[in-house]
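Numbering (my numbering), first residue to last: 149 to 590. Ideal Cβ placement from N, Cα and C applies to all residues, glycine included. The structure appears right after this line, and notes come after that.
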Amino acid sequence: MRVTVIGTGYVGAVHAACMADLGHQVLGVDIDPARIAELAAGRPPFYEPGLSELLKRALDTGRLRFTNSLAEAGRFGDTHFLCVGTPQRPGSDAADLTYVDAAVDGLAPHLSPDALVVGKSTVPVGTADRLARRLHADVAWNPEFLREGCAVEDTLCPERIVVGVRSVWAEARMRTLYAPLLAAGAPFIATDPPTAELVKLASNSFLATKISFINAMAEICDAAGADVLTLAEAMGRDPRIGPRFLAPGLGFGGSCLPKDIRALTARAEELGQAPAVAFLRQVDEINTRQRARTLGLAEEALGGSFADRNVAVLGAAFKPLSDDVRDSPALAVADAVRRAGAHVRVHDPEAIDNARSARPALQFALDVAKACEQADVVLHLTEWPQYRELDPAALKAVVRVPVMVDARNALDPEAWQEAGWTLRAPGRPGLSERSGTPCVSW
Ligand SMILES: NC(=O)c1ccc[n+]([C@@H]2O[C@H](COP(=O)([O-])OP(=O)(O)OC[C@H]3O[C@@H](n4cnc5c(N)ncnc54)[C@H](O)[C@@H]3O)[C@@H](O)[C@H]2O)c1
């Protein structure tokens, strides 16, 4: 089949390459000429494991091309996936649909009579119906559930494919498009567009709630002398609860969860249903509070002041295996530490370029040892697998004071304490009692 993918960012670039991999003829469209040039040359404009190989393979088959012309897109195919951004609207909690509307308006004059526009962007409930009236064409919604860091696998082996359709032929077309995935056993849920739109926002709101729930428990653990990791493990053994997303720490960020819970709140208010999701405001507050709590742990470890202290930060991306720094909790904490008067040096395996553009006042180091040189405290803020593999003894030799704030609760406390480090972590007050050396040693 001949499909276009409009918007070739984190979602669209992966979707375009995967659709070509499934055997379709694909045209990727973006308004950013630099992005199009990079993709056409086989270079993903961001870090995503496996994408580079997949992109090159798809380009080599001749089934994948890129353009910046929506007119060409209209002529090229009959199924058009919308993958443009839907960020938070400035000065509001609601989603900004400017990019969606612009893409649709640009495409409208070029659509063929049998065109199907398929939204993948995360949008407020009611968007597909509104766009269908604007376009005078059939519109379906097929929310995207990929996770940055395993986006290719999530797309080629999805846990579910949800399509919100307004006609039988639209559902048939979606089944044909995804036929190889359906044949491999991917669950296919066909529903109406409002339900499909809501599945995405409801799922992200649930995940955010689960994270904030365990972080709220971490706050209680800190006050009560209990251990949140043991608590989470014991809770997670209940199959009704499950262990995933019960990881206490610095909380969520990125371009999805924070803006999605706010967008659902704003839309519920428009629908007169504000009380139904009032708890999401608390989920948001609990999450933001973890950044301040991490700052507090670091300040305490430094004896009460950041002024002129050397602080090493491990991690800048909003999550491991990604170079995405949009609303990154790690960068927010790093910058707050800098503003409090410390000398901050940030390391990240992949996100330094993006982090430097987002926070030019911060200093960056290309290797962990350089970031940690003469550090008075090290903050572990993004749980990259390689940070778990660090040698605590070797790192102790380069820091000034061996104090680690493990804001992600991801390091092995025993290994670090045996090597002479003092560890601090949210929800684990007992760690400091077991520490070998006093926290502040000057
Ligand atoms: N990033 C994720 O992990 C993820 C996961 C699931 C869903 N989503 C949702 O998918 C959507 C896209 O997210 P993203 O992270 O890929 O965004 P992104 O910002 O990385 O990419 C958006 C792309 O759209 C392009 N664009 C903007 N206007 C355009 C237009 N009129 N015509 C053509 N291209 C245009 C931009 O230049 C950019 O390259 C959002 O709604 C997001 O909430 C994202």
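In summary, Ser260 is exposed, with fewer than 16 beta-carbon neighbours lying within 10 Å of its beta-carbon over all protein chains present. CA-to-CA, the gap between Gly222 and Phe400 works out to about 38 Å. Look at Lys204: its beta carbon is at least 7 Å from all of the heavy atoms in ligand 1. Residue burial is scored here from C-beta neighbours: Lys268 has at least 16 other C-beta atoms within 10 angstroms and is therefore classed as buried. Of the heavy atoms belonging to ligand 1, at least one sits nearer than 7 Å to the Cβ of Ile179.
Between Asp554 and His528, the C-beta gap is smaller than 8 Å, which places the two residues in contact. Rounded to whole angstroms, the Cβ separation of Ser470 and Asp408 is 17 Å, and the two are not in contact under 8 Å. Across the set Pro406, Leu330, Leu170 and Leu355, the C-alpha of Pro406 shows the shortest separation from the C-alpha of Asp475. Residue environment analysis places Ser505 among the exposed positions, since fewer than 16 neighbouring C-beta atoms fall within 10 angstroms of its C-beta. In chain order, Pro550, Ala567 and Gly568 place their CB closer than 6 Å to the CB of Lys544, counting only its own chain and leaving out the 5 sequence neighbours on each side. Judged by DSSP secondary structure, Asn458 falls outside any alpha helix (DSSP H) and instead within the beta strand (DSSP E) spanning Asn458 to Leu462.
For Gly254, there is no enclosing beta strand (DSSP E); the residue is part of the alpha helix (DSSP H) that begins and ends at Thr246 to Leu255. When rounded, the separation of the alpha-carbon atoms in Gly198 and Ala299 is 9 Å. Below 8 Å, enough C-beta pairs join the segment 243-260 and the segment 211-230 to call them touching: three or more.
Counting only residues of its own chain and dropping the five nearest sequence neighbours on each side, Leu294 has a CB closer than 6 Å to the CB of Asp302 and Thr303. Judged by beta-carbon spacing, Tyr158 lies beyond the 8 Å limit of Asp496, meaning their Cβ atoms are not closer than that value. For Met149, the secondary structure class from DSSP, reduced to helix, strand or coil, is coil.
Cβ-Cβ distances below 7 Å link Ala320 to nothing in the same chain once the five nearest sequence neighbours on each side are left out. With respect to Gly176, Leu212 sits close: the two C-beta atoms are nearer than 8 Å.
Taking the Cβ of Tyr247 as the reference point, at least one heavy atom of ligand 1 falls within a distance shorter than 7 Å. Ranked by Cα distance from Ile434, the options Leu394, Ala371, Ala482 and Ala356 are led by Ala356. With contacts defined by Cβ atoms closer than 8 Å, Leu462 and Ala411 do not form a contacting pair. For Lys518, there are no CB contacts under 7 Å within the same chain when 5 residues up- and downstream are skipped. DSSP places Gln421 in the coil class of the three-state scheme, outside both helix and strand. Relative to ligand 1, the beta carbon of Gly401 is positioned no closer than 7 Å to any heavy atom.
Going by C-alpha positions, Glu447 is about 6 Å away from Phe454.
Taking the Cα of Arg415 as reference, the smallest distance to any Cα among Ser240, Ala542, Ala382 and Ile359 is reached at Ser240. Within the model, the alpha-carbon separation for Glu531 versus Ala280 is close to 42 Å. Apart from the 5 residues on each side of it in sequence, Gly190 sits with its Cβ closer than 8 Å to the Cβ of Ser200, Leu203, Lys204 and Leu207 in its chain, given in chain order. For ligand 1, no non-hydrogen atom lies closer than 7 Å to the CB of Lys467. The DSSP-derived three-state label of Gln522 is coil. When the five nearest sequence neighbours on each side are left out, the beta carbons in the same chain lying within less than 8 Å of the beta carbon of Cys166 are those of Leu202, Val300, Thr303 and Leu304, in order along the chain. A Cβ-Cβ distance of about 12 Å is found for the pair Val485 and Ala523, leaving them out of contact under the 8 Å criterion. The Cβ-Cβ distance between Pro574 and Leu445 falls below 8 Å. Short note on Ser505: C-beta not closer than 7 Å to any heavy atom of ligand 1.
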